[in-house]
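**Student:** Residue numbers (my numbering): 1 to 517.
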RNA sequence: GCCCCCAUCGUCUAGUGGCCUAGGAUACAUGGUUCUCAUCCAUGCGACAGGGGUUCGACUCCCCUUGGGGGUACCA
């Protein structure tokens with residue numbers, strides 16, 4: 001262990017789901033901790049009692065887990081610096097409050113919210129910055145006694161140094177200087193004793209020995225307040241990195257139009273967590289000048305907080321979509337099958353038993369569409385034609401079929417040919433070793449000339465010969481057959497379709513179309 | 001209003017004074033491969049916000065303008 005140990009945290013408030021920005025913040029904190037060999041902790045900032053919900057908490061935890069951002073300390077895993085919910089640390093804050101009150105860095109404020117607001121408006125009317133007017137900063141004992149007699153419940157405010165230049169060395173923005181006069185005497189403890197964000201955050205970052213804080217730029221001014229408080233506590237503040245917010249396509253704040261509000265919605269839309277991870281890493285950070293795709297391990301070797309850019313970035317779902325397609329194509333077929341299973345089941349085109357009994361077949365089916373999808377959610381729709389009993393043709397498919405008047409004849413003849421051929425059986429029948437012998441991932445050539453049945457390549461040769469014998473150009477032959485078999489004009493190679501569909505279904509579909517009026 | 005931050009192709013970005021007639025990725029367009037679509041490959045399109053300085057030399061440093069973002073709570 002290196003001496004000042006590296007500890008980072010993600011500290012969400014459970015007042016809503018984990019959104020894109022939060023996920024990126026968590027990811028950078030996590031990555032920094034991993035990259036520096038430190039710890040990553042999760043702390044729940046639930047001091048806003050009214051808005052915090054357990055539902056939000058669960059969604060946040062699920063979102064982080066889905067992205068693979070495991071925490072070393074925090075809810076569900078514990079740790080030596082707990083508890084990790086701020087509402088369970090109230091006595092701690094009270095102790096610090098006492099200390100600050102005694103040292104003069106804090107004072108009691110008896111003003112009601114209405115009075116504070118009135119003071120704010122007065123200052124604004126005078127052309128000054130609207131803030132707390134510090135009315136109780138220096139009240140005397142008599143005044144204090146009078147307020148107490150009125151049974152006013154005081155809040156605790158921080159005695160911010162007046163008119164002082166304060167420097168903050170931000171890992172992302174560089175050195176920033178702010179005049180403390182811009183900040184007011186902010187509330188540390190609400191009248192009921194509940195701490196506010198800045199106070200609890202500092203106490204916890206201190207107690208939990210946090211070394212680096214990466215968070216959204218909206219916290220920059222809080223960073224100033226917090227570093228002054230660390231100073232008041234005679235403690236060293238962690239290193240801060242305030243990173244730019246993610247913007248929508250229009251350059252404005254990210255809205256529902258641009259991105260989902262819950263990161264888990266991406267899972268439901270068919271995105272892979274690897275792709276989301278990779279993509280959001282790139283929102284403000286770059287792996288290298290010429291590489292956008294990388295593994296987590298590769299990223300951790302290069303990631304440095306200091307390299308996070310200072311300018312805001314826009315979320316672009318098109319690139320995410322492309323990236324997701326890349327990750328889908330990278331998956332092993334069994335893995336792709338495993339991940340598609342829930343979608344396939346939800347679409348009700350397959351019974352659960354199929355995943356055991358016809359695994360090789362399903363892998364081949366996936367291999368046939370893998371290069372044609374960008375989202376997992378496209379799997380069921382692209383594969384459905386293999387499993388339906390009554391195939392519906394789309395408009396383009398109908399057009400292709402009507403284009404050639406003699407098509408019905410050779411469609412029927414082709415059915416007869418297939419009938420006599422050594423084709424694999426149709427799902428759900430046992431297809432023997434056909435799907436193992438001919439892996440569509442390898443263009444179906446594995447079995448060479450000696451498979452248990454005809455390979456897609458052999459089927460193609462047979463079809464070419466057949467077309468020639470019927471005096472039909474191969475290209476003209478293919479399209480109506482594809483339409484009759486799959487119901488659409490695009491998709492996998494025709495003989496992958498024939499192979500996957502199997503003898504009975506091919507014949508049945510070809511004849512059904514051929515027999516139409 | 002005041003304070004802080006930011007500014008390279010449509011988008012994500014590389015670039016830290018000369019390697020830049022600005023590189024990669026995506027998107028888009030075109031061509032190739034092919035039974036379609038997709039994948040893949042090739043080519044093209046396309047940017048240093050504007051104006052002042054500093055310098056032998058600025059995308060890179062400084063200032064101003066403009067534009068954008070954030071903050072200004074008894075929310076985080």
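Using N, Cα and C, we set each Cβ at its ideal position, and we do this for glycine too.
When the Cα of residue 58 is compared with those of 72, 17, 238, which residue comes out closest?
**Tutor:** Against the first chain, residue 58 aligns to sequence position 58. The shortest Cα separation from residue 58 among 72, 17, 238 belongs to 17.
**Student:** Taking the CB atoms as reference points, tell me whether residue 511 and residue 360 lie closer together than 7 Å.
**Tutor:** The count along the first chain starts at 1 and reaches residue 511 at position 511. The count along the first chain starts at 1 and reaches residue 360 at position 360. Going by C-beta atoms, residue 511 is not nearer than 7 Å to residue 360.
**Student:** Hey, how far is the Cα of residue 260 from the Cα of residue 131?
**Tutor:** Within the first chain, numbered from 1, the residue matching residue 260 stands at position 260. Within the first chain, numbered from 1, the residue matching residue 131 stands at position 131. Each residue's alpha carbon lies about 35 Å from the other.
**Student:** Indicate whether residue 210 and residue 168 have their beta-carbon atoms separated by less than 7 Å.
**Tutor:** Here residue 210 refers to the residue found at position 210 when the first chain is read from its first residue. Here residue 168 refers to the residue found at position 168 when the first chain is read from its first residue. No.
**Student:** If you measure between the beta carbons of residue 105 and residue 190, is that distance less than 7 Å?
**Tutor:** Working through the first chain from its first residue, we reach residue 105 at position 105. Working through the first chain from its first residue, we reach residue 190 at position 190. No.
**Student:** Could you name the residues that DSSP lists as bridge partners for residue 179?
**Tutor:** The residue given as residue 179 occupies position 179 in the first chain. 165, per the DSSP bridge assignment.
**Student:** If you draw a straight line from the C-alpha of residue 153 to the C-alpha of residue 87, how long is it?
**Tutor:** Start at 1 with the first residue of the first chain, and residue 153 comes out as number 153. Start at 1 with the first residue of the first chain, and residue 87 comes out as number 87. Approximately 20 Å between the Cα atoms of the pair.
**Student:** With respect to the beta strand (DSSP E) encompassing residue 477, which residues constitute its N-terminal and C-terminal limits?
**Tutor:** Locating residue 477 in the first chain gives position 477, where the first residue counts as 1. Segment 474-486 is the alpha helix (DSSP H) holding residue 477; no beta strand (DSSP E) there.
**Student:** What first and last residue would you give for the alpha helix (DSSP H) that runs through residue 50?
**Tutor:** Reading the first chain from its first residue, position 50 is the one you call residue 50. Element bounds for residue 50: n/a, residue is neither H nor E.
**Student:** Would you tell me roughly how many angstroms separate the C-alpha atoms of residue 442 and residue 420, rounded to the nearest one?
**Tutor:** The count along the first chain starts at 1 and reaches residue 442 at position 442. The count along the first chain starts at 1 and reaches residue 420 at position 420. Whole-angstrom Cα-Cα distance: 26 Å.
**Student:** Who are the Cβ neighbours of residue 340 in its own chain at under 7 Å, not counting the five residues just before and after it?
**Tutor:** The residue given as residue 340 occupies position 340 in the first chain. Here the set comprises 366, 376, 379.
**Student:** My output table needs one value for residue 246: the three-state DSSP class, helix, strand or coil.
**Tutor:** Walking along the first chain from the start, residue 246 turns up at place 246. If DSSP states are grouped into helix, strand and coil, residue 246 belongs with the strands.
**Student:** If you count every other CB in all the chains shown that lies within 10 Å of the CB of residue 34, and 16 or more means buried, which is it?
**Tutor:** For the purposes of this step, residue 34 is identified with residue 34 of the first chain, where counting begins at 1. Under this definition residue 34 is a buried residue.
**Student:** Taking the beta carbon of residue 257 as the centre, do at least 16 other beta carbons fall within 10 Å, making it buried, or is it exposed?
**Tutor:** Taking the first chain and counting its residues from 1, one reaches residue 257 at position 257. The residue in question, residue 257, is exposed, as its Cβ has fewer than 16 Cβ neighbours within 10 Å.
**Student:** Our contact map puts residue 162 next to residue 180 with C-beta atoms below 8 Å; I'd like the distance itself, whole angstroms only.
**Tutor:** By one-based count along the first chain, residue 162 stands at place 162. By one-based count along the first chain, residue 180 stands at place 180. Contact flag correct, Cβ pair sits at about 7 Å.
**Student:** State the start and end residues of the unbroken beta strand (DSSP E) segment that holds residue 107.
**Tutor:** Numbered from its first residue, the first chain carries residue 107 at position 107. Residue 107 -> beta strand (DSSP E) spans 106-109.
**Student:** Following the continuous beta strand (DSSP E) through residue 344, name the residue where it begins and the one where it ends.
**Tutor:** Counting from one through the first chain, the residue named residue 344 turns up at place 344. Run containing residue 344: none in the beta strand (DSSP E); it sits in the alpha helix (DSSP H), 333-346.
**Student:** Going by DSSP, name the residue or residues bridged to residue 40.
**Tutor:** Position 40 of the first chain, counted from the start, is the residue given in the question as residue 40. BP columns for residue 40 point to 8.
**Student:** Any idea what DSSP makes of residue 2, helix, strand or coil?
**Tutor:** Indexing the first chain from 1 puts residue 2 at position 2. Residue placement at residue 2 is poorly supported in this model, since its pLDDT is 45, which falls under 50; the coordinates still yield a value, given next. DSSP places residue 2 in coil when its eight states are reduced to three.
**Student:** I'd like to confirm the pairing. Which residues does DSSP put opposite residue 417 in its beta bridges?
**Tutor:** Walking along the first chain from the start, residue 417 turns up at place 417. Bridge partners of residue 417: none, in fact.
**Student:** What are the residues that DSSP puts in a beta bridge with residue 215?
**Tutor:** By one-based count along the first chain, residue 215 stands at place 215. 242.
**Student:** Starting from residue 155, follow its DSSP beta bridges and name the residues at the other end.
**Tutor:** Position 155 of the first chain, counting from 1, holds the residue named residue 155. In the DSSP output, where bridge partners are listed per residue, residue 155 has 109.
**Student:** Mapping the DSSP letters down to three states, classify residue 170 as helix, strand or coil.
**Tutor:** Looking up residue 170 in the first chain gives position 170. In the structure shown, residue 170 sits in a strand (DSSP, three-state: E or B).
**Student:** By the three-class DSSP mapping on this structure, what secondary structure does residue 85 have?
**Tutor:** Counting from 1 along the first chain, the entry for residue 85 is found at position 85. Reduced to three states, the DSSP call for residue 85 is strand.
**Student:** Could you tell me which of 117, 102, 10 sits nearest to residue 61, measuring between CA atoms?
**Tutor:** The residue labelled residue 61 in the question sits at position 61 within the first chain. It is 10 whose Cα lies nearest to the Cα of residue 61.
**Student:** Between the Cα of residue 215 and those of 293, 241, 235, spot the shortest distance and give me the residue it belongs to.
**Tutor:** Here residue 215 refers to the residue found at position 215 when the first chain is read from its first residue. That would be 241, whose Cα lies nearest to the Cα of residue 215.
**Student:** Checking 7 Å against the spacing of the C-beta atoms, do residue 96 and residue 178 come in under that value?
**Tutor:** Here residue 96 corresponds to residue number 96 of the first chain, with the count starting at 1. Here residue 178 corresponds to residue number 178 of the first chain, with the count starting at 1. In this structure, residue 178 does not lie closer than 7 Å to residue 96 by Cβ.
**Student:** Is it buried or exposed, residue 334, if we count other Cβ atoms within 10 angstroms and call 16 or more buried?
**Tutor:** Here the question's residue 334 lines up with position 334 in the first chain. Exposed: under 16 other Cβ atoms inside 10 Å.
**Student:** Straight-line CA distance for residue 2 to residue 364?
**Tutor:** Within the first chain, numbered from 1, the residue matching residue 2 stands at position 2. Within the first chain, numbered from 1, the residue matching residue 364 stands at position 364. Its pLDDT being 45, under 50, residue 2 is placed unreliably by the model, and the measurement read from it follows with that caveat. Approximately 51 Å, taken between the alpha carbons.
**Student:** Please name the residue, chosen from 207, 186, 141, that lies closest to residue 91 on a Cα-to-Cα basis.
**Tutor:** As a first step, residue 91 is located in the first chain; it is residue number 91 there, counting from the start. If we check each option's Cα against that of residue 91, 207 comes out closest.
**Student:** Going by alpha carbons, who is nearest to residue 222 out of 395, 186, 23, 138?
**Tutor:** On the first chain, residue 222 is found 222 positions in, with the first residue counted as 1. For residue 222, the nearest C-alpha among the options comes from 186.
**Student:** Which residues mark the beginning and the end of the beta strand (DSSP E) in which residue 187 is found?
**Tutor:** Within the first chain, residue 187 is the residue found at index 187, counting from 1. Residue 187 -> beta strand (DSSP E) spans 187-189.
**Student:** Tell me the residue span of the alpha helix (DSSP H) that contains residue 285.
**Tutor:** What you label residue 285 is simply residue 285 of the first chain in a count that begins at 1. Run containing residue 285: none; DSSP gives neither H nor E here.
**Student:** Using the rule of at least 16 other Cβ atoms within 10 Å of the residue's Cβ for burial, across every protein chain shown, is residue 284 buried or exposed?
**Tutor:** Looking up residue 284 in the first chain gives position 284. With 16 or more Cβ atoms within 10 Å of its Cβ, residue 284 is classed as buried.
**Student:** If you reduce the DSSP assignment to three classes, tell me which class residue 408 lands in.
**Tutor:** Here residue 408 refers to the residue found at position 408 when the first chain is read from its first residue. Here residue 408 sits in helix by DSSP.
**Student:** What did DSSP end up calling residue 455 once you bin it into helix, strand or coil?
**Tutor:** One-based indexing of the first chain puts residue 455 at position 455. Residue 455: coil per DSSP, three-state reduction.
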